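Listed in order, the protein sequences are those of chains A and B. Each step along the first sequence adds one to the number in my numbering, with nothing skipped, and position 51 is 52. Each step along the second sequence adds one to the number in my numbering, with nothing skipped, and position 19 is 20. Beta carbons: idealized from backbone N, C-alpha and C, even for Gly. Given the structure is predicted, the values throughout are model-derived calculations rather than measurements. Report on one structure; see the data block that follows.
There are 2 protein chains.
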Amino acid sequence: MAVNLKQLAELLGLSQTTVSRALNGYPEVNAETRQRVLQAVRETGYRPNRAAQRLATGKAYSIGMVMPIAAGIDSDVHFGEFLAGLGEEAVKHDFHFVLNPSAPEDEEATFQRLAASGNVDALFLAYMRANDPRIAMLKSLSMPFVVHGRSIGEARDYPFLDIDNTAAFYDAARLLIQLGHRRIALINGPDYLSFSIRRRKGMARALAEHGLNLDEALVHHSLMTDEHGYRSMQRFLQQPDAPTAVLCSSTVLALGAVRAINQAGLAIGRDISLIAHDDVLPMLKPENFSVPLTTTRSSLRAAGGRIATRLIASILKSGAYPDQELWRAELIVRASTGPAPQK
Amino acid sequence: MAVNLKQLAELLGLSQTTVSRALNGYPEVNAETRQRVLQAVRETGYRPNRAAQRLATGKAYSIGMVMPIAAGIDSDVHFGEFLAGLGEEAVKHDFHFVLNPSAPEDEEATFQRLAASGNVDALFLAYMRANDPRIAMLKSLSMPFVVHGRSIGEARDYPFLDIDNTAAFYDAARLLIQLGHRRIALINGPDYLSFSIRRRKGMARALAEHGLNLDEALVHHSLMTDEHGYRSMQRFLQQPDAPTAVLCSSTVLALGAVRAINQAGLAIGRDISLIAHDDVLPMLKPENFSVPLTTTRSSLRAAGGRIATRLIASILKSGAYPDQELWRAELIVRASTGPAPQK
DNA sequence: ACGGATATCCAAAGCGCTTTGGGAGGAAAA
DNA sequence: TTTTCCTCCCAAAGCGCTTTGGATATCCGT
């Protein structure tokens, strides 16, 4: 059924060379001949065998990523959204992705296998941790890669795209302080991820500038699920000196937090203020919360698109992009933040 | 840096044939020789080039899927969860995935390209629609595939895994009817997807058995987001003869519905009953809703795992699995369902 | 001691493509 | 007319692996 180059060439009475050249846009082929070839391709439905193409050129037209997976590991909404961004860009250049599932402890080895397999010509890395060993590993692979996020405590001499998490949560905390809040809580992502660390740092800095301290009892780290948001908020509210404002690292966490607040009979924006980081997840819009949420916004999907663009450019060696990018999140004030309640 | 078979063979003073055979477990090689080869592999870090391997064997050890993507298309939580299930199973057999992004209108052509590319040796298809043309296309590709869901109005002569959506929503609706509800609404997924059609049918059947009709004004179809759930519920509640019970096709929709109900000052499980279909999304557990949700439950992740198992078995020709599977969703009663309020 | 298994190994072909290094033929230059 | 230079095309090598079809050596029974 499927024709290959050889058959196609025979059919046309041309050599494989000429057909190949015609298809790949080389100049040394007659315009008329090229048209004939193109026509034949349309008629036969010829598709080049990618494996062969790859073997010959070394290019795979694909971006590799490892997908940590285990019985206990939850799928992550944020990941899906990011992938959508990557995909949106990749489809424009006819690139695809190779997802290599891997046990978390095996991730580095999986990256090496992936790189050596010849299946991909660039790698993508995310969920950065402090002192992340994977960066050194990727550097040693001599294959283009881009990191989403940044490590902490390492030279920044690798290509990344990150948002300025420190600034985002600094801005958010400062707004709350200006509104008169003094006891501010933080419902953060996992404590080993660098974005969590930076957000916490940004918040602490804003507090410090106003002579305030970050109270350890008001900081929770957890996976960013509705459930954890709920539990954290509930625990905060049970404390003797409950916070009057909360920062959430995701709208998903905020979802649970809002629930806990409502259940406690408190009014958001009046009794307690809430700011969440908004990754612009389409299924969870801050403006649709019962009380619209004040957020620090930065589109995950856009980040995915940008990373795909850079990765593809580095493979095709087309166009130059900055190696390091730090995006600024936008602070958007809605109804969930109000002046601190008077005691 | 990276060694290939030839170099490895030279290093060992063996032929490529022997080394290849030693690695692939063929019998005609001395046990001692095999050990030497294995040792050398360990020392050199030799990894076979997959592209070459594939070219020679035709096997890619990978499962292909096309990922519909466009500016307007939202990422889907359900997809991520399903993928986790696929991955969990695939990692056990060292399989990977090829995700080919595609414009929605281009999906069929993308499948064909994917199949012809030699990049994958099985395909996976989901989000089935009624009279889905993709099934005939996949059949024509002479490559194993498994469908998640089923089409409607076509011979069922293709491999699929689906849940019995009709039965699930029949059960759910019947429970509500038994509780005395007469006006029951449905917040469903997109109307062109077959699971939506079947759920609606199941609900209609239960109503019909009790002499009731499905009121078109009480049926909404939409993407399964929080926002749509909210809007639908809001509109239902504004109607003169508002429903006393609602079926939701996803806990994500239920999330919005609950918000609308709360906002209207109604009590879930007393003023209005709610049943949602639960895909067992880790970020959204029905038992964590302010009023725990009665659900029809079936794990999407488990479905992903099973499909991966079947796909891999069909590639490796190891073990036989049923070609068609229909899973039964479990009806789990929690606090969100109660007797219909007396007028 | 000899024909025939049996156990190990190897050379070479082939998978489908790209690319190098020409070659034939016609047009332009001498 | 001969030489030079393009233009357009081709044969063949090579990418890294698997696999077919032997080759060689060892060992058996008779």
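Exercise. So, are the CB atoms of Gly-86 of chain A and Gly-320 of chain A less than 8 Å apart?
Worked result: No, they are not a contact pair.
Exercise. For Met-144 of chain B versus Asp-158 of chain B, is the C-beta distance shorter than 8 Å?
Worked result: Not a contact, by the Cβ cut-off of 8 Å.
Problem set entry | Unbroken alpha helix (DSSP H) run spanning Ile-198 of chain A, endpoints | Counted as a single uninterrupted DSSP element, the alpha helix (DSSP H) harbouring Ile-198 of chain A occupies residues 195-210.
Exercise. Do you know how far the Cα of Thr-58 of chain A is from the Cα of Val-20 of chain A?
Worked result: Computed Cα separation, rounded: 16 Å.
Exercise. In whole angstroms, what is the alpha-carbon distance linking Tyr-193 of chain B and Met-129 of chain B?
Worked result: Note on geometry: alpha-carbon atoms of Tyr-193 of chain B and Met-129 of chain B lie some 9 Å from one another.
Exercise. How should Asp-242 of chain B be labelled, buried or exposed, when 16 other C-beta atoms within 10 angstroms of its C-beta is the threshold for buried?
Worked result: The Cβ neighbour count for Asp-242 of chain B, taken over all protein chains shown within 10 Å, is under 16; the residue is labelled exposed.
Exercise. Considering only residues of the same chain and omitting the five flanking positions on each side of Phe-98 of chain B, which have a CB-CB separation below 6 Å?
Worked result: Counting only Cβ-Cβ distances below 6 Å, and skipping sequence neighbours, we find Ile-64.
Problem set entry | Close beta carbons around His-221 of chain B, own chain, < 6 Å, minus the five adjacent residues each side | Closer than 6 Å at Cβ, skipping near neighbours: Ile-188, Ser-233.
Exercise. Can you tell me the Cα-Cα spacing of Asp-165 of chain A and Met-225 of chain A, whole angstroms?
Worked result: Between Asp-165 of chain A and Met-225 of chain A, the C-alpha separation is close to 19 Å.
Problem set entry | Pairwise C-alpha distance: Leu-9 of chain A and Arg-43 of chain A | Taking the straight line from one Cα to the other gives about 11 Å.
For this session: Would you grab the beta carbon distance between Leu-139 of chain B and Leu-126 of chain B for me? Rounded to a whole angstrom, and I think it's under 8 Å.
Result: That pair is a contact at about 6 Å.
Exercise. Secondary structure at Phe-125 of chain A, three-state DSSP: helix, strand or coil?
Worked result: Note: Phe-125 of chain A maps to strand in three-state DSSP.
Exercise. Residues in the segment 231-247 of chain A with C-beta within 8 Å of chain B's C-beta atoms, listed in sequence order?
Worked result: Residues Tyr-231.
Exercise. So what's His-182 of chain B in DSSP terms, helix, strand or just coil?
Worked result: Reduced to three states, the DSSP call for His-182 of chain B is coil.
For this session: Establish whether the CB of Leu-215 of chain A and some CB of chain B are separated by less than 8 Å.
Result: Answer no: the Cβ-Cβ gap between Leu-215 of chain A and chain B never drops below 8 Å.
Problem set entry | According to DSSP, residues forming a beta bridge with Asn-189 of chain B | When DSSP reads this structure, Asn-189 of chain B sits in a beta bridge with B:His-222.
Exercise. For Gly-65 of chain A, which beta-bridge partners are listed by DSSP?
Worked result: Partner(s): A:Val-99, A:Leu-124.
Exercise. The alpha helix (DSSP H) spanning Leu-6 of chain B covers which residue range?
Worked result: Annotation for Leu-6 of chain B: the continuous alpha helix (DSSP H) segment containing it runs 6-13.
Exercise. Which residues of chain A have a Cβ atom closer than 8 Å to the Cβ of Phe-80 of chain B, listed in chain order?
Worked result: Correct list: Gly-81.
Exercise. For Ala-341 of chain A, which three-state DSSP category applies?
Worked result: In this structure, Ala-341 of chain A counts as coil in the three-state DSSP scheme.
Exercise. With 16 as the cutoff for other CB atoms within 10 Å, does Asn-214 of chain B come out buried or exposed?
Worked result: Looking at its Cβ environment, which holds fewer than 16 other Cβ atoms inside 10 Å, Asn-214 of chain B is exposed.
Exercise. Would DSSP call Gln-237 of chain B helix, strand or coil?
Worked result: According to the sequence displayed, residue 237 of chain B carries Phe and not Gln. In the three-state reduction of the DSSP assignment, Phe-237 of chain B falls in the helix class, which pools H, G and I.
For this session: Give the residues from the segment 136-167 of chain A that approach chain B closer than 8 Å (Cβ to any Cβ), ordered along the chain.
Result: So the list reads Ser-143, given in the order they occur along the chain.
Problem set entry | Spatial distance of Val-67 of chain A from Arg-329 of chain A (CA atoms) | Distance between the alpha carbons of Val-67 of chain A and Arg-329 of chain A: 27 Å.
Exercise. Can you tell me whether DSSP reads Phe-290 of chain A as helix, strand or coil?
Worked result: Looking at Phe-290 of chain A - three-state DSSP - the assignment turns out to be coil, as it is neither helix nor strand.
For this session: Taking all protein chains shown into account, decide if Ala-95 of chain A is buried (16 or more other Cβ within 10 angstroms of its Cβ) or exposed.
Result: One point to set straight first is that residue 95 of chain A is Asp, not Ala, in the sequence displayed. Here Asp-95 of chain A is exposed. Its C-beta has fewer than 16 other C-beta atoms within 10 Å.
For this session: Would you mind sorting Gln-54 of chain B into buried or exposed? The rule is 16 or more other CB atoms within 10 Å of its CB.
Result: Result: buried.
Exercise. How many Å lie between Asp-216 of chain B and Gln-239 of chain B at the Cα?
Worked result: About 15 Å.
Exercise. In this structure, does DSSP put Val-273 of chain B in helix, strand or coil?
Worked result: The sequence given here places Ile at residue 273 of chain B; Val does not occur at that position. In the three-state DSSP reduction, Ile-273 of chain B falls in the strand class (E or B).
For this session: Find the nearest neighbour of Lys-60 of chain A within the set B:Pro-69, B:Tyr-62, B:Lys-60, B:Asn-50, judged by alpha-carbon distance.
Result: Closest option to Lys-60 of chain A, Cα to Cα, is B:Asn-50.
Problem set entry | Buried or exposed (CB count within 10 angstroms, at least 16 for buried), Asn-289 of chain B | Per the 10 Å Cβ criterion, buried.
For this session: My understanding is that Glu-109 of chain A touches Arg-135 of chain A, with C-beta atoms under 8 Å, so please give their C-beta distance in whole angstroms.
Result: The beta-carbon distance between Glu-109 of chain A and Arg-135 of chain A, rounded to whole angstroms, is 6 Å. This is short enough to meet the 8 Å contact definition.
Problem set entry | Rounded separation between Leu-1 of chain A and Leu-256 of chain A - CA only | Residue 1 of chain A lies beyond the range of chain A shown here (2 to 344); nothing can be said about it.
For this session: Use the C-beta contact count for Val-30 of chain B: other C-beta atoms within 10 angstroms, 16 or more gives buried, fewer gives exposed.
Result: Buried, because 16 or more other Cβ atoms sit within 10 Å of the Cβ of Val-30 of chain B.
For this session: Mind the definition here: the segment 251-266 of chain B touches the segment 281-301 of chain B only if three or more C-beta pairs lie below 8 Å; say whether that holds.
Result: Yes, since at least three Cβ pairs between the segment 251-266 of chain B and the segment 281-301 of chain B fall closer than 8 Å, the two stretches touch.
For this session: Would you kindly report the start and end of the unbroken alpha helix (DSSP H) that includes Glu-44 of chain A?
Result: Residues 32-45.
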